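Working notes, structure below.
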Amino acid sequence: MHFEQRSFYSNQLEKEMPFNVYGHAGKAVLVFPSSGGSQNEYADFGMIASCSSFIEKGLLRFYTAASYDNESWLANNKSPHEMAEAHRCYENYIIQELIPLITYETNSPQVIATGCSMGGFHTLNFALKHPDIFTTAIALSGVYDIRFFTGDYYNDLAVYFNSPIDYLPSLKDPWFIDRYRQNTYITCVGQGDWELPHLLQTKNLQKIFEAKELPAWFDYWGEDSAHDWQWWSKQIVYFMNELNKQKTLI
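Each residue of the sequence shown is one higher than the one before, starting from 747 at the first, in this note's numbering.
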């Protein structure tokens with residue numbers, strides 16, 4: 747398997763930002779790590795190995811990003827507004843710096859987004875805010891209400907627009923709605939150990955998608971399916987196989 751460890755200096759974050767690349771060809775997949783995770787996390791926990799058949803066949807090329815969560819949503823010494831402003835810098839890094847590199851190298855303007863746990867939150871949030879870039883999202887065991895990280899944020903708009911549970915119900919802009927209806931959204935959660943808050947938020951998110959008549963696949967795995975990498979590795983392979991059957995990976 748082709749593998750590269752790379753980095754570049756981000757003007758948005760004013761620091762060197764590492765990322766890894768797995769694969770030689772295929773549709774680009776941007777992986778958001780879990781809480782405070784590194785660019786190595788996805789491979790370290792066996793996710794790349796689980797997806798190796800797609801990578802080696804040239805169907806998928808994975809780009810694993812480093813997180814900025816410790817400076818944003820996990821920075822408990824900051825106010826919710828300061829957390830949101832730090833995240834805005836990370837969003838600018840992803841959209842203005844990393845994505846152009848990915849789309850240039852893969853010769854495709856569209857990217858699959860995926861991630862587990864907090865990476866699931868980032869996956870859905872980025873995919874909803876940038877549906878022209880992320881046309882497929884696979885969010886595993888995510889949380890979708892920003893209060894999970896900030897507590898009450900007193901209607902601060904910078905925070906509000908990073909809380910899908912809040913901004914999606916009132917979103918009416920046809921530019922977004924039309925793209926949502928063309929894109930693929932997969933949201934999966936187990937019903938086993940440590941999944942309860944993620945299960946409840948996924949069910950709330952499903953109600954919002956249904957109320958707005960937005961197509962999406964909400965998949966609930968059994969009571970043996972825990973908030974853990976061994977289950978996420980099974981889930982990502984399952985969904986990639988399903989997308990491949992639908993010719994979405996081509």
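Backbone N, C-alpha and C define an ideal beta-carbon position, used for all residues, glycine too. As the structure is a prediction and not an experimental result, all values here were calculated from the model.
Next on the checklist: Are the CB atoms of residue 906 and residue 898 within a distance shorter than 8 Å?
Outcome noted: no
Checklist entry - Exposed or buried, what is residue 752 when buried is set at 16 or more other beta-carbons lying within 10 Å of its beta-carbon? => result exposed
Item to check | Collapsed DSSP secondary structure at residue 822 in the structure displayed | outcome: coil
Checklist entry - Below 8 Å, can you find three or more Cβ-Cβ pairs linking the segment 823-838 to the segment 795-805? => result no
Next on the checklist: On the DSSP letters alone, give me the boundaries of the alpha helix (DSSP H) that residue 816 sits inside.
Outcome noted: No alpha helix (DSSP H) holds residue 816; DSSP gives it neither H nor E.
Item to check | Closest by C-alpha distance to residue 930, when choosing among 883, 816 and 845 | outcome: 883
Next on the checklist: My parser needs the alpha helix (DSSP H) runs of 4 or more residues fully inside the segment 859-915; what are they?
Outcome noted: 864-875, 893-896 and 903-906
Checklist entry - Quick one: is residue 815 buried, meaning 16 or more other Cβ sit within 10 Å of its Cβ, or exposed? => result buried
Item to check | Candidates 772, 760 and 766, of which the one nearest residue 990 by Cα | outcome: 772
Item to check | Beta-carbon spacing of residue 886, residue 934 below 8 Å | outcome: yes
Next on the checklist: Would you call the segment 970-986 in contact with the segment 782-801, where contact means no fewer than 3 C-beta pairs closer than 8 Å?
Outcome noted: yes
Checklist entry - Apart from the five residues just before and just after residue 789, which ones in its own chain have a Cβ nearer than 6 Å to its Cβ? => result none
Item to check | Ordered list of alpha helix (DSSP H) runs contained in the segment 924-971, each at least 4 residues | outcome: 942-957
Next on the checklist: Classify residue 1038: buried if its beta carbon has 16 or more other beta carbons within 10 angstroms, exposed otherwise.
Outcome noted: Lying before the first or after the last residue shown, residue 1038 is absent from the chain, which here runs from 747 to 996.
Next on the checklist: Assuming residue 967 and residue 936 are in contact, meaning their beta carbons sit under 8 Å apart, how far apart are those beta carbons, in whole angstroms?
Outcome noted: 4 Å
Item to check | Secondary structure of residue 917, DSSP reduced to three states | outcome: coil
Checklist entry - Since residue 846 is in the alpha helix (DSSP H), which residue starts that stretch and which ends it? => result 845-852
Item to check | According to DSSP, residues forming a beta bridge with residue 809 | outcome: 767 and 776
Next on the checklist: Please identify the residue among 985, 766 and 854 whose C-alpha is closest to the C-alpha of residue 774.
Outcome noted: 854
Next on the checklist: On the CB-based measure, 16 or more other CB atoms within 10 Å of its CB, does residue 787 come out buried or exposed?
Outcome noted: buried
Next on the checklist: Once DSSP output is grouped into helix, strand and coil, what is the label at residue 758?
Outcome noted: coil
Next on the checklist: Mapping the DSSP letters down to three states, classify residue 992 as helix, strand or coil.
Outcome noted: coil
Next on the checklist: Cutting at 6 Å between CB atoms, please list the residues of its own chain near residue 868, excluding the five before and the five after it.
Outcome noted: 778 and 861
Checklist entry - Where does residue 755 land, buried or exposed, given buried means 16+ other C-beta within 10 angstroms? => result exposed
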